[in-house]
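If you read the sequence shown in our numbering, its first letter stands for residue 4, the second for the next number, and so on. Input: a single structure, listed below in structure tokens.
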Amino acid sequence: MNLLSANNLSHTFEYKLFSDVNLELNTGETIAIIGMSGSGKSTLLHILSTLLIQDEGSVSLFEEDISSMSKKKLSEMKRHDLGLIFQSHYLFNGFSAYENLEVAEILSQNEIDEILLDRLNIKEVIKNKVTKLSGGQQQRVSIARVLTKQPRIIFADEPTGNLDTTTAGEVMELFFEYCRDKNAGMILVTHDENLAHRCQKVYKLEDRKLQQVK
Ligand SMILES: Nc1ncnc2c1ncn2[C@@H]1O[C@H](COP(=O)(O)OP(=O)(O)O)[C@@H](O)[C@H]1O
Ligand SMILES: [Mg+2]
Numbered sequence: 004m005n006l007l008s009a010n011n012l013s014h015t016f017e018y019k020l021f022s023d024v025n026l027e028l029n030t031g032e033t034i035a036i037i038g039m040s041g042s043g044k045s046t047l048l049h050i051l052s053t054l055l056i057q058d059e060g061s062v063s064l065f066e067e068d069i070s071s072m073s074k075k076k077l078s079e080m081k082r083h084d085l086g087l088i089f090q091s092h093y094l095f096n097g098f099s100a101y102e103n104l105e106v107a108e109i110l111s112q113n114e115i116d117e118i119l120l121d122r123l124n125i126k127e128v129i130k131n132k133v134t135k136l137s138g139g140q141q142q143r144v145s146i147a148r149v150l151t152k153q154p155r156i157i158f159a160d161e162p163t164g165n166l167d168t169t170t171a172g173e174v175m176e177l178f179f180e181y182c183r184d185k186n187a188g189m190i191l192v193t194h195d196e197n198l199a200h201r202c203q204k205v206y207k208l209e210d211r212k213l214q215q216v217k
């Protein structure tokens, strides 16, 4: 099944970032987007994940154009089906890490997976306030929060940016396993070419175009 389809996307801020961008994501598929800093990767991911509206073109999620979805449908879809993991993670700072996961548990009605906490190596710190955690620990909690939702598509923007190489590798393995097991899709933005090549397809944003390089 087609999870995401982007058609002829263009976007301009101070200057034209990209035009005629086309992309398809199917169930179980993982796609990486690479490109120089400032090329518009994060902007493109924001558009694909419904956070920003493109200047031109269209985005369909689960075979429906998002511009024709009701607000209610769009927010339900965001809550249940889309997993956003961005550089600035959106944890509630006044809460403990565990309370943050409980919010995801309640909203999605999926139980917190203890194995996941173990694999992300956050079991020992889970009762601490978010503000007491290191950047890397906060990043792993936000990954646990997103996977607890069991989204159908993961959008990840440099999700392992705060982690050392070994931990980053382990965390990425979790994402790949998740996509295989749940038949979910992932769009990963990264500057790390080795990491990108662990995805089934690789696209490069360069000279305002998105080209498939793998
Ligand atoms: N909300 C915004 N308003 C104005 N300019 C923006 C905005 N977001 C990004 N930009 C600009 O768009 C360009 C591309 O940014 P970005 O998509 O973050 O690139 P990348 O993720 O590839 O580094 C940058 O020059 C950035 O300053
Ligand atoms: Mg970026």
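Yeah, the Cβ is synthetic: ideal placement off N, Cα and C, and Gly gets one too. Quantities reported herein were computed from a predicted structural model and do not represent experimental measurements.
For His14, DSSP records a beta bridge to Phe21. The beta-carbon distance between Gly86 and Asn186, rounded to whole angstroms, is 14 Å. This is too long to meet the 8 Å contact definition. With a beta-carbon spacing of about 16 Å, Asn5 and Gly60 fall beyond the 8 Å limit used to define contacts.
Gln215: member of the beta strand (DSSP E) spanning Lys212 to Gln215, first to last residue. Between Leu47 and Phe158, the C-beta gap is not smaller than 8 Å, which leaves the two residues out of contact.
Note on geometry: alpha-carbon atoms of Leu55 and His49 lie some 5 Å from one another. Taking the Cα positions, Phe98 is about 6 Å away from Lys132. At least one heavy atom of ligand 2 is found less than 7 Å from the C-beta of Asp160.
Distance from the C-beta of Lys44 to the nearest heavy atom of ligand 2 is below 7 Å.
Taking a cut-off of 8 Å for Cβ pairs, the stretch 107-127 and the stretch 182-197 do not touch, as fewer than three such pairs fall below it. Ligand 1 never approaches Glu102 closely enough for any of its heavy atoms to be under 7 Å from the residue's Cβ. A contact is defined here as three or more CB-CB pairs under 8 Å, and the stretch 136-143 fails this definition with respect to the stretch 65-80.
Note on the stretch 94-182: whole alpha helix (DSSP H) runs with a minimum of 4 residues are 100-111, 117-122 and 138-151, in chain order. In this structure, the C-beta of Leu20 approaches ligand 1 to less than 7 Å from one of its heavy atoms. Under the 8 Å Cβ criterion, the stretch 114-123 does not count as touching the stretch 185-202, having fewer than three qualifying pairs. Between the stretch 172-179 and the stretch 11-23, the count of Cβ pairs shorter than 8 Å is below three; the stretches do not touch. Counted as a single uninterrupted DSSP element, the alpha helix (DSSP H) harbouring Ala199 occupies residues Glu196 to Ala199. Take Ile88, set aside five residues on each side of it, and the residues of its chain with a beta-carbon closer than 8 Å to its own are Ser145, Ile146, Val149, Ile157, Phe158, Ala159, Asp160 and Pro162, in chain order. Set against 7 Å, the gap from the CB of Ser8 to the closest heavy atom of ligand 1 is not smaller. Relative to the Cα of His83, the nearest Cα in the group Ala107, Ser73 and Ser70 belongs to Ala107.
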